[in-house]
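Accompanying notes for the structure given below.
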Amino acid sequence: MSRWIDLTQPITEDVATHPPGHTLPEFEPLATYDEDGHNATRLHLETHCGTHMDAPTHFFPADEYDTIDAVSPAEMITEGVVLDCTDVGRAEAISPERVRAAVAAASVSVEPGDFVIVDTGMDPTTTDPDTYLHEYAYPSVAAAEFLVDAGAGVVATDALGVDAPGASVADHDVHRALLGNGVRIVEGVADLGSVEPGRYDVVCTPLPYAGLDGSQVRLLVRPQ
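Count along the sequence shown starting at 1, add 86, and that's the number in this note's numbering.
Have a look at this one:
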């Protein structure tokens, strides 16, 4: 049987996040083994750092759209495809034609409910932080609409985001195109250099933060 591959960033106090305005994690000791006989830690952690999933309420009102605790077990244990878009230039949009070419090159199709992982070659654990923040490739709105029409359940990327680097909140049109159609987003996927394009079993487990807009995930894939 094929082995499971972990595509998750370790959560550290300098994990990839979205400055300005987004804070880095902080780990505050509440008890230590040396002083208290046990270890316990308070986490100061925002929902959108590291390898994480955006719920629709990241960009839409919570009284109209799903929060992160609405993700069902069937959606967390699923299947999907890895697509190679590493030839797209830095800070350039990935066109629907490029997505179609990546689908064809992987000898797969995007099926309803698929977890679609787009490899842009921008690994968050090895890329220079300034490059990772400012130069990642991202899907165009048309590419996002193509994946919505194909029935994708999740669109994931190794990049920091799915909108253009430095885009204002008002210009996050790719987020809105996906989340507004019920397609969740996973950003900050790690170690895609260890997997080939193709079809995979997928496990992606956000924490059920009640009423919140996102969560860190543990993302595992296994070749079919």
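Don't be surprised by glycine CBs; every beta carbon is placed ideally from N, CA and C.
CA-CA distance, Glu112 and Gln95? Straight-line Cα distance between these residues: approximately 16 Å.
Cβ-based burial, Gln310 [other Cβ within 10 Å; buried from 16]: Gln310 is exposed by the Cβ-count criterion.
Check whether the Cβ atoms of His144 and Gly300 sit closer than 7 Å, and answer yes or no. Result yes, Cβ atoms of His144 and Gly300 sit closer than 7 Å.
Rounded C-beta distance between Glu165 and Asp200? I'm assuming under 8 Å. With a contact defined as Cβ atoms closer than 8 Å, Glu165 and Asp200 qualify at about 7 Å.
Nearest-angstrom Cα separation, counted from Glu99 out to Ala187: Rounded to whole angstroms, Ala187 to Glu99 spans 38 Å at the Cα level.
6 Å Cβ shell around Ile154 - same chain, five flanking residues per side excluded: Taken in chain order, the residues that qualify are Ala141, Pro292, Tyr295, Leu298, Gly300, Ser301.
Which runs of the alpha helix (DSSP H) at least 4 residues long sit entirely within the segment 215 to 300? Give them in chain order. Along the length of the segment 215 to 300, whole alpha helix (DSSP H) runs at least 4 residues long occupy 215 to 220, 227 to 236, 259 to 265, reported in chain order.
Please classify Thr143: does DSSP put it in a helix, a strand, or coil? Thr143 falls in the helix class under three-state DSSP.
From what residue to what residue does the alpha helix (DSSP H) around Arg184 run? Secondary structure note for Arg184: its alpha helix (DSSP H) is the uninterrupted segment 182 to 191.
According to DSSP, is Ala156 part of a helix, a strand, or is it coil? Residue state for Ala156 is assigned as helix, using DSSP reduced to three classes.
DSSP-derived helix/strand/coil call for Glu178: Here Glu178 sits in coil by DSSP.
Out of Glu121, Trp90, Val272, state which residue places its alpha-carbon closest to the alpha-carbon of Ile203. Out of Glu121, Trp90, Val272, Val272 has the C-alpha closest to the C-alpha of Ile203.
Are the CB atoms of Val303 and Val269 nearer to each other than 7 Å? Not closer than 7 Å, so no.
Length of the line joining the Cα atoms of Ala256 and Asp249: When rounded, the distance between both Cα atoms is 11 Å.
Once DSSP output is grouped into helix, strand and coil, what is the label at Asp120? Three-state DSSP puts Asp120 in a helix.
Tell me whether Asp216 is buried or exposed, calling it buried when 16 or more other Cβ atoms sit within 10 Å of its Cβ. Looking at its Cβ environment, which holds fewer than 16 other Cβ atoms inside 10 Å, Asp216 is exposed.
If we call anything under 7 Å between Cβ atoms a contact, is Asp209 one with Asp244? Yes, they are a contact pair.
Residues of its chain near Tyr218, where Cβ-Cβ distance is below 7 Å and the 5 sequence neighbours each way are ignored: Hits under 7 Å: Ala102, Met208, Pro210, Leu246.
Leaving out five residues on either side along the sequence, give the residues of the same chain with a beta carbon under 6 Å from the beta carbon of Leu131. The answer, listed in chain order, is Pro111.
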